[in-house]
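Residue numbers (the working numbering): 3 to 114.
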């Protein structure tokens, strides 16, 4: 998945259980999130990571340091934990535009 700096982004917690709690990990480290309150649409000052009741993660003001492997873990009422599929997030920025480089080699192995 690709995103640009300063964008808003939603990552889906795709697990096949009815869960009571969920957490998000970035590169294996727990991310501190707060529950998104659907009763009002006010931004929560100072928090970029919000989670809704479905476990989906909302990232406000995406930054280069958000680049990495994201994954949710959900736990049901019996303590059974399921890990969602990993999401590789690549942040495109000033010096990280999505490009494809093609190198053409001649028969001697040097660049043309």
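All residues carry an ideal CB built from backbone N, CA and C; glycine is no exception. Here the structure is a predicted model, which means the values were calculated and not measured.
Annotation: the continuous beta strand (DSSP E) that includes residue 84 extends over 83 to 85.
Non-local C-beta neighbours of residue 58 in its own chain, meaning closer than 6 Å and more than five positions away in sequence, comprise 12, 14 and 15, ordered along the chain. The shortest C-alpha to C-alpha distance from residue 61 to any of 79, 71 and 49 is the one to 49.
Our two residues, residue 89 and residue 71, have alpha carbons roughly 6 Å apart in a direct line. In the DSSP assignment, residue 77 falls within the unbroken beta strand (DSSP E) covering 70 to 77.
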